[in-house]
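Note sheet for the following structure.
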Amino acid sequence: MKINGIPYRSIWVSPEDRHAICIFDQTKFPFAVDILTLRDKHAVADAILTMKTRGAPLIGAAGAWGLALSLRTDPGNEAMEESASMLAGTRPTAVNLRWAIDRMLEKLRPVKPEDRYEAARAEAALICDEDVLQNEAIGRNGFDLIKDILKNRPSGKQINILTHCNAGWIATVDWGTALAPIYMAADSGVNVHVWVDETRPRNQGASLTAWELGKHGVPHTVIADNAGGHLMQHGLVDLVIVGTDRVTRTGDVANKIGTYLKALAAKDNNVPFWVALPSTTIDWNIRDGIKEIPIEERSASEVSHIAGMDADGIFRTVRLMPEGSKAANPAFDVTPAHLVTGLITERGCCAASEEGLLSLFPERS
Ligand code: MRU
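Using the working numbering, read the sequence shown as starting at 904 and increasing by one per residue.
Structure representation (structure tokens):
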């Protein structure tokens, strides 16, 4: 996607040094577009941990590049396995990270150590390219859904889509998952408006989704996380589309904390609730999302404090709570499959169920 007319991906090889990768520092959005150059696995792991780079597909791609960079200095078996575990352990919920590291290891284990670095670079680049193609296909499939909804409406009428967190192009290598259909609709002249949940505690909606949509010229309104149910009750939401960090083979969906409450409100108001994902987000080994998906617990300071720019243009962090009050910060929740209208994948749309997923991915039977 473009920033001020210049096309970017969310991760790329440094044009100055082929042994380094570049990412945006996403903790600086929307106030600055800062590009970071990462030269080794420690820098990549730190960027993932501190959420300078984030979003399920993007941390998969970053993890793959982190492993590749580690092999330049030590391509031996032991070091490779250790780097892989270290990188895979940085964030627990998004399965894309584990998936990408496993795919790299499977490719690299049979390769001679002296050839591993170049082989790893090629595989990491392939993971990135495939992510772009998958998300583009998700965009087309999701746009078909939007067209279906528009069929029964007067032409030109606004369609209101609600989204949670950030599942846009900066959460993937390009295009995004939940936002890809919205970009395609907007580019085709559909009168689309997006309700953007602010997404406390880290505010990925207010600071990232709003920034992305604004840069692309998509009309949007940021709302407090608690506003969605009210808007649905008043007929102001036609469709919800969210991304996900892990989907079980039975269609349960882990996504940013608060997603489950949006799904409940959508069910109560007959608003379709769709989840967009590349197949790299499906964990075929688990069936019960609530029992089996590990939920990341992040620092309480993300709840007790909030960061933003003050009236003088100074970036500040301020406390919201009394000193001495405790805060808890589960970062994701699980929406059970029965609350999900359907899944939008690169192979098409399906029911959120084992049967639905296997109809698109029969090789997983
Ligand atoms: O904690 P984050 O910002 O990495 O969480 C991101 C989300 O919850 C996204 O919805 C999900 O990763 C899908 S990104 C295409």
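All C-beta atoms in this analysis are idealised placements derived from N, C-alpha and C, irrespective of residue type, glycine included.
Could you name the residues of the same chain whose beta carbon sits closer than 6 Å to that of residue i, not counting the 5 residues immediately before and after it, in chain order?
{"i": "Val1035", "result": "Val1076, Asp1077"}
{"i": "Ile1193", "result": "Val1237"}
{"i": "Trp968", "result": "Ile924, Ala1027"}
{"i": "Val1014", "result": "Ala1022"}
{"i": "Ile1247", "result": "Ile1041, Asn1044, Gly1045, Trp1177, Ala1179"}
{"i": "Pro1122", "result": "His1096"}
{"i": "Pro995", "result": "Pro1197, Glu1199"}
{"i": "Ile1189", "result": "Thr1151, Glu1195"}
{"i": "Gln1061", "result": "Asn1094, His1096"}
If we ignore side chains and look at the alpha-carbon of each, how far apart do residue i and residue j end up?
{"i": "Arg1103", "j": "Asp1236", "result": "13 Å"}
{"i": "Met1135", "j": "Glu1009", "result": "46 Å"}
{"i": "Gly1245", "j": "Gly1259", "result": "9 Å"}
{"i": "Ser1228", "j": "Ser1204", "result": "11 Å"}
{"i": "His1133", "j": "Ala948", "result": "40 Å"}
{"i": "Glu1257", "j": "Met1087", "result": "29 Å"}
{"i": "Glu1226", "j": "Pro933", "result": "29 Å"}
{"i": "Ile1217", "j": "Arg1019", "result": "45 Å"}
{"i": "Trp1072", "j": "Leu941", "result": "20 Å"}
{"i": "Asp1005", "j": "Cys1031", "result": "15 Å"}
{"i": "Pro1239", "j": "His1067", "result": "16 Å"}
{"i": "Val1125", "j": "Ala1109", "result": "6 Å"}
{"i": "Glu985", "j": "Gly1120", "result": "44 Å"}
{"i": "Thr930", "j": "Ser1182", "result": "27 Å"}
{"i": "Gly1079", "j": "Asn1038", "result": "6 Å"}
{"i": "Ala1157", "j": "Pro918", "result": "36 Å"}
{"i": "Lys1054", "j": "Met954", "result": "40 Å"}
{"i": "Val1145", "j": "Gly1131", "result": "13 Å"}
{"i": "Val1174", "j": "Asp1191", "result": "25 Å"}
{"i": "Glu1266", "j": "Ala1003", "result": "19 Å"}
{"i": "Arg903", "j": "Cys1252", "result": "Nothing in the structure corresponds to residue 903, since the chain is present only between 904 and 1268."}
{"i": "Asp920", "j": "Lys1165", "result": "44 Å"}
Would you check if the distance between the CB atom of residue i and the CB atom of residue j is smaller than 7 Å?
{"i": "Thr993", "j": "Ile924", "result": "no"}
{"i": "Asn1069", "j": "Val1140", "result": "no"}
{"i": "Ala1127", "j": "Glu1101", "result": "yes"}
{"i": "Leu1180", "j": "Thr1151", "result": "no"}
{"i": "Ala1168", "j": "Phe1176", "result": "no"}
{"i": "Thr1089", "j": "Val1099", "result": "The identity of residue 1089 in the sequence shown is Ala, whereas the question assumes Thr. Not a contact, by the Cβ cut-off of 7 Å."}
{"i": "Leu1242", "j": "Arg1250", "result": "no"}
{"i": "Gly1059", "j": "Pro1084", "result": "no"}
{"i": "Asp1186", "j": "Val998", "result": "yes"}
{"i": "Ile1049", "j": "Ala965", "result": "no"}
{"i": "Thr956", "j": "Ile909", "result": "no"}
{"i": "Lys1118", "j": "Ile906", "result": "yes"}
{"i": "Asp937", "j": "Asp928", "result": "yes"}
{"i": "Gly958", "j": "Ala1074", "result": "yes"}
{"i": "Val1143", "j": "Leu1029", "result": "no"}
So that I know if they touch, is there some Cβ in chain C lying closer than 7 Å to that of residue i?
{"i": "Gly1227", "result": "Given the protein chain composition of this structure (a single chain), no chain C is represented."}
Which same chain residues, not among the five before or five after residue i, have their C-beta less than 8 Å away from its C-beta?
{"i": "Arg1001", "result": "Ala991"}
{"i": "Arg1219", "result": "Ala1210, Gly1211, Met1212, Asp1213"}
{"i": "Gly1154", "result": "Ala1240, Val1243, Leu1246, Ala1254, Ala1255, Ser1256, Glu1257, Gly1259, Leu1260"}
Who does residue i pair with in a DSSP beta bridge?
{"i": "Cys1253", "result": "Leu1246"}
{"i": "Val1237", "result": "Ala1157"}
{"i": "Val1143", "result": "Leu1065, Phe1176"}
{"i": "Pro910", "result": "Lys905"}
{"i": "Trp915", "result": "Cys925"}
For residue i, I'd like the list of residues in its chain whose CB is within less than 7 Å of its CB, leaving aside the five on either flank, ordered along the chain.
{"i": "Ala1023", "result": "Leu970, Ala971, Leu974, Met1007, Leu1011"}
{"i": "Met1224", "result": "Ser1207, Ala1230"}
{"i": "Ile1160", "result": "Pro1233, Ala1234, Phe1235, Asp1236"}
Inside the stretch 917-983 only - beta strand (DSSP E) runs reaching at least 3 residues: Runs of the beta strand (DSSP E) inside the stretch 917-983: 924-927, 938-941.
4 or more residues per run - each alpha helix (DSSP H) lying fully within the stretch 1075-1133: Correct list: 1082-1090, 1113-1119.
Complete alpha helix (DSSP H) runs within the stretch 989-1040 (minimum length 4 residues, chain order): The qualifying runs are 998-1011.
Sequence ranges, alpha helix (DSSP H) only - wholly within the stretch 1145-1227, length at least 4: Runs of the alpha helix (DSSP H) spanning 4 or more residues and lying entirely within the stretch 1145-1227 occur at 1162-1171, 1192-1195, 1204-1207, in chain order.
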